[in-house]
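*Asks:*
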Amino acid sequence: MKLPPLKTLPVFEAVARTLSFSAAAEELHVTQSAVSHRIRQLEDDLGESLFDRHGRRVALTEEGERYLEAIAPALAQIERASQQLRGQSDTRLRLAVPSSLAVRWLIPRLPHLQRRHPDLDLTLEMLADMPVMSERLADAFITIRYRQRGYVSTPLYVERLFAVCSRQYWMQMRESLEDAGLREKGSGRSIRPEWLSRFTLLSAASVFEKPGEDWRRWFQAAETEMPPTARVQQFSHMLLAQEAARHHQGIALSNDYMLDTASDPELVRLRTHEFRTGDEFHFACKQSRAKEPGILHLSRWLERQAEASGWR
Numbered sequence: 002m003k004l005p006p007l008k009t010l011p012v013f014e015a016v017a018r019t020l021s022f023s024a025a026a027e028e029l030h031v032t033q034s035a036v037s038h039r040i041r042q043l044e045d046d047l048g049e050s051l052f053d054r055h056g057r058r059v060a061l062t063e064e065g066e067r068y069l070e071a072i073a074p075a076l077a078q079i080e081r082a083s084q085q086l087r088g089q090s091d092t093r094l095r096l097a098v099p100s101s102l103a104v105r106w107l108i109p110r111l112p113h114l115q116r117r118h119p120d121l122d123l124t125l126e127m128l129a130d131m132p133v134m135s136e137r138l139a140d141a142f143i144t145i146r147y148r149q150r151g152y153v154s155t156p157l158y159v160e161r162l163f164a165v166c167s168r169q170y171w172m173q174m175r176e177s178l179e180d181a182g183l184r185e186k187g188s189g190r191s192i193r194p195e196w197l198s199r200f201t202l203l204s205a206a207s208v209f210e211k212p213g214e215d216w217r218r219w220f221q222a223a224e225t226e227m228p229p230t231a232r233v234q235q236f237s238h239m240l241l242a243q244e245a246a247r248h249h250q251g252i253a254l255s256n257d258y259m260l261d262t263a264s265d266p267e268l269v270r271l272r273t274h275e276f277r278t279g280d281e282f283h284f285a286c287k288q289s290r291a292k293e294p295g296i297l298h299l300s301r302w303l304e305r306q307a308e309a310s311g312w313r
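According to the working numbering, the sequence shown is numbered sequentially starting from 2.
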């Protein structure tokens, strides 16, 4: 077995993660010159340059990126196996979560997790998109792209969209519909989809990555077409469209984790149909790590929270 000098590998991982020789030296409690020596030793052994150095700036080369991707999980696994033999339980976890789900649903529930599992040291990594899962990014993920070799997943939520607006806007809608003879005064009946096209529709391009597509599919789910005369105001993200609805600017499409009418009385969920987007959110982790205590605690807690939210 031809291995590189093993003492160089933790140093390489620290520099690659921090992109700083001085930060790696401080973390490893050695001098910066010792770090530089170990990196040169590893590069000489491999016959490849692992870092581009420009003054104090450090960046991984393409070879360095590939090498880090290959060895980082192995180093982490060696560390965890050693801790288990020492009788230690490492419950530090990085959980990668879509930003809107984290802000609207997960973060308000974290105090309960901390009370339930005080030894669990959880760090949230916010995701703007859904990348390929890797231990370089996080130890576990809440993701819609959960089918990946070597990973296992647990379903949490099937996304559905429904119409919301502010209470003030709803009162204006109700008066307008009554004046047009479409709705009797004081009626609690459901709202017909075509009636909504009389008002401003707030569209979030992030849902289907196409302006107006969320509302087009909402009408399509009701077996009708969105009128070409519909007034559609565009936003890049559902969070922005929902905030515009909160400020009486029109009707937005929201989902179960973005809106909790019990804690958000300013917004009203309209009595009309909902539709499923096709996205399913799963908790996912490496199959080899699924039975680790910290990951098990987090997975089971998330399942219970999803059940309490009425998702499962």
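Backbone N, C-alpha and C define an ideal beta-carbon position, used for all residues, glycine too.
So Phe13 and Leu43 are supposed to be a Cβ contact under 8 angstroms. How far apart are they, rounded?
*Replies:* Approximately 6 angstroms separates the beta-carbon atoms of Phe13 and Leu43; this is inside 8 angstroms, confirming the contact.
*Asks:* Between the Cα of Pro99 and those of His113, Pro132, Gly295, spot the shortest distance and give me the residue it belongs to.
*Replies:* Pro132
*Asks:* Residues in its own chain within less than 6 angstroms of Val253 by CB, not counting five upstream and five downstream?
*Replies:* A small fix is needed here, since residue 253 is Ala in this sequence, not Val. Excluding positions up to five away in sequence, the list reads Val165, Leu203, Ala242, Gln243, Ala246.
*Asks:* How would you write the range of the beta strand (DSSP E) that Met172 sits in, first residue to last?
*Replies:* Here Met172 belongs to no beta strand (DSSP E); instead the alpha helix (DSSP H) covers 168–180.
*Asks:* Enumerate in chain order the residues of its own chain whose CB-to-CB distance from Pro302 is below 6 angstroms, with the five nearest sequence positions on each side excluded.
*Replies:* Looking at the sequence provided, one finds Trp at residue 302 rather than Pro. Only Leu114 meet the Cβ criterion.
*Asks:* Name the DSSP bridge partner or partners of Met127?
*Replies:* Val98
*Asks:* Would Leu96 pass as a contact of Asp140 if the rule is Cβ separation under 9 angstroms?
*Replies:* The answer is yes: Cβ separation under 9 angstroms.
*Asks:* Across which residues does DSSP place Glu281 in a beta bridge pair?
*Replies:* Beta-bridge pairing by DSSP links Glu281 to Val159.
*Asks:* List, from N- to C-terminal side, the beta strand (DSSP E) runs of 3 residues or more that fit wholly inside the stretch 172–258.
*Replies:* Counting whole runs of 3 or more residues, the stretch 172–258 contains the beta strand (DSSP E) stretches 202–205, 233–236, 252–255.
*Asks:* Can you find a CB in chain B that lies within less than 9 angstroms of the CB of Leu128?
*Replies:* Looking at the structure shown, chain B is missing, and only one protein chain is on hand.
*Asks:* Please report the straight-line C-alpha distance between Gln1 and Met134, rounded to a whole angstrom.
*Replies:* Residue coverage of the chain in this structure runs from 2 to 313, which leaves residue 1 outside it and unanswerable.
*Asks:* Roughly how many angstroms lie between the CA atoms of Val59 and Gly65, to the nearest whole one?
*Replies:* 12 angstroms
*Asks:* Quick one: residues in its chain with C-beta nearer than 8 angstroms to the C-beta of Glu304, no 5 flanking neighbours on either side, listed in chain order?
*Replies:* Thr155, Leu157, Phe284, Arg313
*Asks:* Sorted by chain position, which residues of the same chain lie with C-beta nearer than 7 angstroms to Arg39's C-beta, five sequence neighbours on each side aside?
*Replies:* Lys8, Thr9, Val12
*Asks:* Taking only the alpha-carbon atoms, compute the straight-line gap between Val31 and Trp106 and give it to the nearest angstrom.
*Replies:* Going by the C-alpha atoms only, they are around 42 angstroms apart.
*Asks:* Please determine if the stretch 167–182 and the stretch 216–236 are in contact, where contact requires at least 3 C-beta pairs separated by less than 8 angstroms.
*Replies:* no
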